[in-house]
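From first to last, the protein sequence lines are chains D and L. All residue numbers in the first sequence are consecutive under my numbering, ending with 100. All residue numbers in the second sequence are consecutive under my numbering, ending with 655. Think of the CB as a built atom: it goes at the ideal place given N, C-alpha and C, for glycine as much as any other residue. Inspection log for the structure reproduced underneath, given as structure tokens.
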Amino acid sequence: AEDTGVRVELAEEDHGRKSSIALRLWVEDPKKLKGKPKDNGAIEFTFDLEKETPDDVAQEMVDSGFFHESDVKIVAKSIRDRVALIQWRRERIWPMIQ
Amino acid sequence: SSFTQVVHSAGRRFIVSPVPESRLREQ
Numbered sequence: 003a004e005d006t007g008v009r010v011e012l013a014e015e016d017h018g019r020k021s022s023i024a025l026r027l028w029v030e031d032p033k034k035l036k037g038k039p040k041d042n043g044a045i046e047f048t049f050d051l052e053k054e055t056p057d058d059v060a061q062e063m064v065d066s067g068f069f070h071e072s073d074v075k076i077v078a079k080s081i082r083d084r085v086a087l088i089q090w091r092r093e094r095i096w097p098m099i100q
Numbered sequence: 629s630s631f632t633q634v635v636h637s638a639g640r641r642f643i644v645s646p647v648p649e650s651r652l653r654e655q
């Protein structure tokens with residue numbers, strides 16, 4: 003995945019069973035963002051792999067003032083890359099469950 | 629505590645905590 007300067011990681015062990023998982027997002031390199039992020043804390047949230055899209059969450063983060071509107075695509079892409087990796091890993095490790 | 633919580637109007641909770649120093653890329 004391309005280095006967007008925004009890091010997204012699992013905030014819990016993934017056992018492949020739950021559709022909603024906890025993720026943690028923080029800015030590693032503010033210079034890669036167009037706007038100035040509110041603060042460099044780690045933002046933890048729950049994401050439903052089946053019902054939600056990374057764009058929904060990115061927009062909610064912008065609405066909540068964490069990021070500037072001009073960075074919504076970078077934030078969405080960062081979340082999308084991590085979600086894709088989680089789904090790829092689930093397919094490989096727990097093919098039957100999926 | 630150094631955790632703050634923001635709830636978006638759509639209902640999602642965002643919990644903000646300090647990023648561990650070790651995870652911040654050297655600027």
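Residue i, DSSP secondary structure in three states
{"i": "ASP50 of chain D", "result": "strand"}
{"i": "ALA13 of chain D", "result": "coil"}
{"i": "ARG651 of chain L", "result": "helix"}
{"i": "PRO32 of chain D", "result": "helix"}
Residue i, enclosing alpha helix (DSSP H) - first and last residue
{"i": "GLU62 of chain D", "result": "56–65"}
{"i": "LEU25 of chain D", "result": "Taken as a continuous stretch (DSSP letters only), LEU25 of chain D belongs to no alpha helix (DSSP H), being part of the beta strand (DSSP E) at 22–29."}
{"i": "VAL77 of chain D", "result": "74–95"}
8 angstroms contact criterion, which residue i and residue j should meet: CB distance rounded
{"i": "SER630 of chain L", "j": "SER645 of chain L", "result": "6 angstroms"}
Start-to-end residues for the beta strand (DSSP E) that takes in residue i
{"i": "SER630 of chain L", "result": "Unbroken run through SER630 of chain L: none, as it is neither H nor E."}
{"i": "SER657 of chain L", "result": "There is simply no residue 657 of chain L to check, as chain L begins at 629 and stops at 655 in what is shown."}
Neighbour-count burial assignment, residue i, 16 or more Cβ in a 10 Å radius
{"i": "MET63 of chain D", "result": "buried"}
{"i": "PRO97 of chain D", "result": "exposed"}
### Message
Tell me whether the stretch 630–639 of chain L and the stretch 19–26 of chain D touch, counting them as touching only if at least three CB pairs, one residue from each stretch, are closer than 8 angstroms.
### Response
no
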